[in-house]
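What follows is a single structure, written as structure tokens, with notes after it.
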Amino acid sequence: MSRLIVVSNRVAPTQEGLPAAGGLAVGVLDALQETGGVWFGWSGEIVGEAGEPVIEKQGNVTYATVGLSRRDYDQYYRGFSNATLWPAFHYRTDLARYDRQEYAGYQRVNARLAKQLKALLRPDDIVWVHDYHLLPFAACLRELGVRNPIGFFLHIPFPVPEMLRTVPPHEALVKQMCSYDVIGFQTETDRQSFVDYLERGGFGTASDDGMVHAHGHMFKAAAYPIGVYPDAIAKAAVQFSDRKPVRALRDAMRGRRLIMSVDRLDYSKGLVERFQAFERFLLNAPGWHGRVSLVQVAPPTRSDVQTYQRIRQTLEGEAGRINGRFAQLDWTPIQYLNRKYERNLLMAFFRMSQVGYVTPLRDGMNLVAKEYVASQDPADPGVLVLSQFAGAAEQLPGALVVNPFDLSQMAEALERALSMPLAERQARHADMMAPLREMDLSKWRDTFLADLGHVATAATVTRNA
Ligand code: ADP
Ligand code: G6P
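Shown next, in the form of structure tokens:
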């Protein structure tokens, strides 16, 4: 039987402890633990000299991880991946910078990782590469003569062509992407942006069945929205509802309504706008003072990238200012916690809350939105307030969908969510559970891998014809 080899920059920790916060690690771990396979990527360590992969087996997953030297980390991870690609792909060209040496480092690390993976590969392995750190990875493997099926899934948005062209080496990068056999996107919108870029630039064409012919390659480009396991989440939310931190939050709320937000502390998540819209809600609805709190859990991420240091400072300032303005001796409007929690505890927090407040300015999917819905008690569910710019908005019709740039609209949505009658909450929840069950995490993995199998077989037949 062929092995599944997953490749990503971030690999979920192999030791006991908190999982990495982030949709990729959470989704891939859940998907891989079921099928078994190899997970290759960065160990999360900065080392003196990048050495050979460390191999460790846990259950049916074999982890093969490598360290990055300080120079590799600075150029490939902190630099081109997170200070050029991440902001540009999230429509924040104002925060993006470009440095040729960082780009060279990005290409160099991709080439080296490909070489290290090649040494571990068997001829019938299937390779599934994840996310923006590794756009050139298949091209690097092909250059080394690797002929295995290689698929790619982009967890973040794919920007419209005008935005992509702000990344100076856009042409070379997209050309390298065309070496994959299948390219998966979170949404139809992302796939369309990719095809638009190729077609308008005269680089290739797409047909109705999703096949693309570009830069001399035939491959498939399609949307495979990442999902969750809704029933497992619901079960965890119930099981963990008696744990100490959950009880502590329940006691702290003392009968107050709870608006719950959980994100990595990232400028793409719209945290500042979210706090300001909550402030506007408090201004508009004094009757709610003392009766509702916003709990924002936001562990710092990529804290050595300057733009992340700035967002943290701004947000601390805003939380302090808003609390100073409205707090009463026995009521703090915003509780802002910079820490991670065990995922099951988060699900129990979600179940206890009346509103899930998920308002990114731009997001590939946003698993938190799906986790929020799955955690609810169907008999008395909370309401999801969701940004129209999260990929999840295409699949969760029962949410109160808002424009995160419209603070007044968000404030109104909060008020509406807090006062929504039970029958409407139940109907909206049921509307969202159906697609969550239908497009769960195994469907994401299985449809992607089935397509990869078909396309790669067809490509081999053509190559050998
Ligand atoms: P992103 O991938 O951009 O971080 P997602 O919402 O898609 O955004 O995925 C985030 C994942 O990380 C979710 O599964 C969520 O439960 C988890 N997560 C987010 N914040 C925390 C936290 N404070 N502690 C633990 N897990 C977290
Ligand atoms: C998002 C990205 C992932 C990344 C995660 C956490 O989910 O799509 O690729 O792993 O954020 O970010 P980090 O930089 O800590 O890996």
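If you want our numbering, it's the position in the sequence shown, counting the first as 1, plus 1.
Here a beta-carbon is modelled for each residue, glycine too, at the ideal position from N, C-alpha and C.
- A straight line joining the alpha-carbon of F153 with that of G365 spans about 15 angstroms.
- Rounded to the nearest whole angstrom, the CA to CA distance from P422 to R248 is 26 angstroms.
- Shown here, N339 sits in coil according to DSSP, grouped into three states, outside any helix or strand.
- With fewer than 16 other beta carbons inside 10 angstroms of its own, S3 counts as exposed.
- Checking the DSSP bridge columns, you'll see H218 partnered with A215.
- Of the residues assessed, S262 falls on the buried side of the cut-off, its CB having 16 or more other CB atoms within 10 angstroms.
- Minimum Cα-Cα distance from P361 among the listed residues L5, A328, L272 corresponds to L272.
- For G68 against G42, the beta-carbon gap comes to about 11 angstroms, at or over 8 angstroms, which does not count as contact.
- The continuous stretches of alpha helix (DSSP H) do not include V356, which lies in the beta strand (DSSP E) extending over residues 356-359.
- Apart from the 5 residues on each side of it in sequence, A224 sits with its Cβ closer than 6 angstroms to the Cβ of F186, T188, E189, R192 in its chain, given in chain order.
- Proximity of the region 301-316 to the region 78-85 meets the contact definition, three or more beta-carbon pairs being nearer than 8 angstroms.
- Nearest to K270 by C-alpha distance, out of Y74, A412, M178, Y92, is Y92.
- About 19 angstroms separates the CB atoms of V55 and V29; that is not less than 8 angstroms, and the two are not in contact.
- The beta carbon of Y104 is closer than 7 angstroms to those of F81, P170 in its chain, skipping five residues each way along the sequence.
- Residue state for E57 is assigned as strand, using DSSP reduced to three classes.
- In the assembly as shown, P231 is a buried residue. Its beta-carbon has 16 or more other beta-carbons within 10 Å.
- In its chain, beyond the 5 residues on either side, D126, V128 have a beta carbon closer than 6 angstroms to the beta carbon of N149.
- Those residues that bring their Cβ nearer than 5 angstroms to a heavy atom of the ligand ADP are A22, G23, G24, V27, V263, R265, V298, P300, K341, Y342, N367, L368, V369.
- According to DSSP, residue pairing for I6 in a beta bridge involves V39, V128.
- Less than 8 angstroms separates the beta-carbon of G228 from that of W445.
- Looking only at T66, D378, L250, the smallest Cα-Cα distance to L118 is reached by T66.
- If you check the C-beta of I157 against the ligand G6P, you find a heavy atom less than 7 angstroms away.
- With a cut-off of 8 angstroms on Cβ pairs, the region 212-221 is not in contact with the region 238-258, counting fewer than three such pairs.
- Look at the beta carbons and you see the region 402-411 not touching the region 194-203: under three pairs across the two are nearer than 8 angstroms.
- When distances are taken from the beta-carbon of T302 to the heavy atoms of the ligand G6P, the shortest one is below 7 angstroms.
- In this structure, DSSP gives G271 a state outside helix and strand, which the three-state scheme calls coil.
- The C-beta distance from P88 to T308 rounds to 7 angstroms, short enough to fall under 8 angstroms.
- Taken through DSSP and simplified to helix, strand or coil, M411 comes out as helix.
- In this structure, the C-beta of N10 approaches the ligand G6P to less than 7 angstroms from one of its heavy atoms.
- According to DSSP, residue pairing for I184 in a beta bridge involves F153, A222.
- For D210, the CB stays at least 7 angstroms from every heavy atom of the ligand G6P.
- Apart from sequence neighbours up to five positions away, the residues of its chain that approach V369 with a beta-carbon distance below 7 angstroms are V263, D264, V359, ordered along the chain.
- Per the DSSP secondary-structure output, V386 pairs in a beta bridge with Y358, L401.
- By the neighbour-count definition (other C-beta atoms within 10 Å, threshold 16), Q310 is an exposed residue.
- Look at N339: its beta carbon is at least 7 angstroms from all of the heavy atoms in the ligand G6P.
- For R244, there is no enclosing alpha helix (DSSP H), as DSSP marks it with neither H nor E.
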